[in-house]
Each structure stands twice: as structure tokens, then as C-alpha cells.
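Report on the structure given below.
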Amino acid sequence: MSSESAVTPGWASEEPILEVRNLEKHYVKSTGWLESFFADEKRVRAVDGVSLSIDRGEIFSVVGESGCGKTTLGKTLLRVIEPTEGEIRFKGTDLSSLSSTEMQEMREHVQIVYQDPFEALNPKRTVNGLLRQPMEIHDITSRDEQRERIYRALEDVNLLPVEDYLDRYPEELSGGQLQRVLFARALVLDPEFIVADEPSSMLDASVRARVLDLIDELRNERDISFFIITHDIGAARYLSDRIGVMYLGRIVEMGSADGIVEDPKHPYSKALIESIPSPDPREPLGSSGIGSEVPEPVDLPIGCRFHPRCPAATEHCRRADPEWRSVPSETDDGRMTECHEVEPKQQPPE
Ligand SMILES: Nc1ncnc2c1ncn2[C@@H]1O[C@H](COP(=O)(O)OP(=O)(O)O)[C@@H](O)[C@H]1O
Ligand SMILES: [Mg+2]
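All residue numbers for the sequence shown refer to numbering that gives the first Met the number 0, where the first residue is 0 and numbers rise by one.
This is how it looks when you write it as C-alpha cells:
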């Protein structure tokens with residue numbers, strides 16, 4: 000292993016399970032014909048230059064307000080939607096170099112669990128049918144093998160006894176049970192990496208805590224790495240090793256989960272954390288203290304993209320883009336941020 004870990008920010012030197020570099024996803028916003036007559040097409044820069052790496056067995060959470068690009072990042076990471084720019088490596092393999100057939104094979108190892116179980120699960124299929132479906136797509140057709148995988152998945156998500164659930168339809172299950180079925184459906188393919196989009200947002204508090212514990216168990220027992228998308232910093236802290244704070248398409252701060260919550264550096268992270276209403280880390284995030292909604296990432300401001308809402312913004316912030324750099328923190332957690340007003344880490348003398 001080399002000692003060059005400081006060379007590329009967010010790019011670890013050990014082989015991580017997933018790495019992305021300069022990832023971008025832009026949407027072209029459709030305008031009405033009259034509007035398009037007068038204006039150029041608008042580009043929504045939903046993900047706008049994200050670099051990060053996730054270690055094997057790590058739980059990494061990305062937090063930020065609604066609309067800041069979390070879902071788009073999660074989908075782009077796994078090429079569920081195609082990135083506009085950038086590089087994605089899964090266990091060293093460049094995903095963009097894969098043909099659609101190879102990418103299809105890769106999907107066995109990388110799974111995404113969507114936010115809304117009511118939307119994600121076909122109401123006309125039983126639990127058994129829902130869990131068989133991904134295996135049929137991936138040519139796991141032996142009935143014995145399917146049965147074994149379904150039993151193991153349902154046991155792992157604690158839907159027990161398994162026989163009680165196999166023939167049930169989604170409408171016969173509670174929100175928490177449906178969320179577990181969603182995880183089981185990912186597990187039947189025995190993945191190594193799971194993106195989970197707001198896995199607890201549709202659930203009430205006690206059920207939410209149990210779903211978070213389930214993710215931790217799956218990491219420990221199945222050695223799965225997780226990329227968790229959430230607007231709930233409390234849940235992110237409770238669950239993850241590291242947190243990335245996202246604002247308008249960029250990760251603006253990254254560090255250990257405790258470090259980010261106890262000692263945030265970026266003014267946006269500070270505002271998010273100050274808005275946590277309850278000392279119970281499993282409670283959801285309340286309204287943020289920085290006022291209005293996240294603007295749409297079209298016509299981004301010049302300079303730091305957070306400056307219009309930032310209480311610490313200076314003239315310099317209105318003019319120049321901040322650089323992504325190492326900054327000191329109390330816990331020395333390898334903190335990185337992009338903010339002009341946070342003093343960079345002193346380089347150790349040669
Ligand atoms: N399919 C799409 N077409 C156009 N704009 C989109 C599309 N999906 C998301 N967006 C826009 O991209 C931005 C990021 O959205 P999203 O990734 O859903 O954020 P989050 O998950 O953090 O709420 C938002 O401004 C949203 O309106
Ligand atoms: Mg989302």
C-alpha cells in the first residue's frame with residue numbers, strides 16, 4: 000500500500016468496494032414550446048462532480064435536504080441511470096466499460112432498494128413471487144436453489160416463520176414488513192453492495208429503528224457494504240461509519256459519522272445538524288435553520304453554491320469556487336470539506 004492517500008481527495012489507497020470520480024448527472028429540463036422558443040434548454044445539474052470511495056463492509060450515508068441530488072447520485076452510482084460524466088469502479092472494474100450484458104451480470108452484486116415499498120412492489124404478486132422475480136431475471140432457475148435463497152433472505156430480514164409470509168400479498172403487510180420484503184428481494188441475489196434510498200422514511204419511529212438495526216445486521220452477517228440515502232442525520236449517525244453531506248449536487252463535507260454530527264465544519268452541515276430537533280439520534284430531521292427550500296440546481300450561482308443561504312459568506316465566496324480539501328477536526332477523522340471560511344489543514348513538514 001502506498002502512502003499517497005492524501006493525493007486525491009475522497010479516493011482511498013486501499014482497494015475499496017466502490018469508487019467514483021468526478022461523477023456528474025445532468026438532466027435536460029423540458030420546457031414548453033413557447034418557453035423553448037425564447038430560452039435555451041435548462042440543465043439541472045443534479046449531481047455535479049462527486050468523488051468518493053466506499054470501503055468493503057462500510058456503511059456510508061449521504062445526507063442533505065430534499066432536492067439536493069441524493070437519489071440521482073445513488074442511481075448513477077450503480078448505472079441505473081447513465082452518468083453524464085465521470086468514472087465508477089466496482090471492486091476495481093470500470094463500470095462504464097461494461098456492455099449492457101456485462102452490466103446486467105454485475106447487477107447481481109450491486110442492488111438498489113427504493114424508497115417507497117408500495118410503489119416498488121407489484122401488488123399482484125405474493126412475497127414468494129416477488130422474491131423469485133429477480134432470480135429469474137438472473138437465470139437462477141433451479142427451484143431448490145430459489146427456495147433456499149428465499150428462505151435465507153426472509154430469515155435474514157426477520158420475517159418469521161417464513162411460511163407465514165410466502166403467500167401474502169403486499170396489501171396484507173405493514174409498512175415495516177414491506178420494507179423488509181424490499182431488502183429480502185435484494186438479498187436473494189446475494190449482493191456485495193446495496194444502495195438504500197431513504198430506507199426508513201416511510202416508517203414510524205419504532206419500526207424505523209428496527210430497520211436501521213436490520214441494515215447493521217446485514218452488514219455484519221453478510222458482509223454487505225451500504226450506501227444509504229437519507230435526509231435524516233440522526234439515522235445516518237446511528238447507522239453509518241462515515242457521512243457525506245450533499246448540497247446542490249456536490250458533497251460539501253465528508254468525515255466520520257460522529258465527527259460530522261459533533262463537530263461539523265461546513266456552514267451547511269452546521270445548519271442541518273442544528274436543526275435536529277431531538278437528542279434521540281433515531282428521530283428524523285426537522286426543518287433546517289437556513290430558511291427556504293433548496294434551490295433547483297439550474298443557473299447555479301457563481302462562487303460557492305451555498306453562498307446565497309450561508310450566514311458566513313464573504314465577498315470572496317460570491318466570486319470563487321471553494322476547493323475540496325482536508326481540514327482539521329477534533330476527532331482527526333480525515334475530514335474533507337469545500338468552504339473558503341474553514342482553515343485548511345497544515346501540511347506536515349517534509
Ligand atoms: N428525471 C428528472 N428530470 C429532471 N430533473 C430531475 C429528475 N430527477 C430529479 N431531478 C431534479 O434533480 C434534482 C435532484 O433530485 P433528487 O436526486 O431526487 O434529489 P433528492 O433525492 O436529494 O431529493 C432536483 O432538482 C430534481 O428536481
Ligand atoms: Mg430522494
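For glycine and all other residues, C-beta sits at the position ideal for the given N, C-alpha and C.
query: DSSP bridge partner residues for residue 243 (one or two, in chain order); result: 61 and 253
query: Euclidean distance between Cα positions of residue 8 and residue 322; result: Here the model assigns residue 8 a pLDDT of 42, short of 50, so the residue's position is not dependable, and the following value carries that caveat. In a straight line, the C-alpha of residue 8 is about 10 Å away from that of residue 322.
query: Cβ neighbour criterion (16 or more within 10 Å) applied to residue 196; result: buried
query: Residue 70 Cβ short of 7 Å to ligand 2 heavy atom set; result: yes
query: Residue 231 CB to nearest heavy atom of ligand 2 below 7 Å; result: no
query: Any non-hydrogen atom of ligand 1 within 7 Å of residue 85 CB; result: no
query: Extent of the continuous alpha helix (DSSP H) run through residue 275; result: Segment: none, residue 275 is in no alpha helix (DSSP H) and carries neither H nor E.
query: Secondary structure of residue 130, DSSP reduced to three states; result: helix
query: Start-to-end residues for the beta strand (DSSP E) that takes in residue 181; result: No beta strand (DSSP E) holds residue 181; the alpha helix (DSSP H) holding it covers 174–186.
query: Reduced DSSP secondary structure (H/G/I, E/B, other) of residue 8; result: Residue confidence is low: residue 8 scores 42 on pLDDT, short of 50, so the model does not pin down where it sits. No coordinate-derived value is stated.
query: Alpha-carbon to alpha-carbon, residue 184 and residue 19; result: 26 Å
query: Proximity to residue 58 [Cα-Cα], best of 94, 17 and 66; result: 17
query: Three-state secondary structure (DSSP) of residue 387; result: Because the chain here runs from 0 to 349, residue 387 falls outside it and cannot be looked at.
query: Burial state of residue 103, where buried means 16 or more other Cβ atoms lie within 10 Å; result: exposed
query: Segments of 3+ residues assigned as beta strand (DSSP E) that fall wholly inside the stretch 46–114; result: 58–62, 84–89 and 109–112
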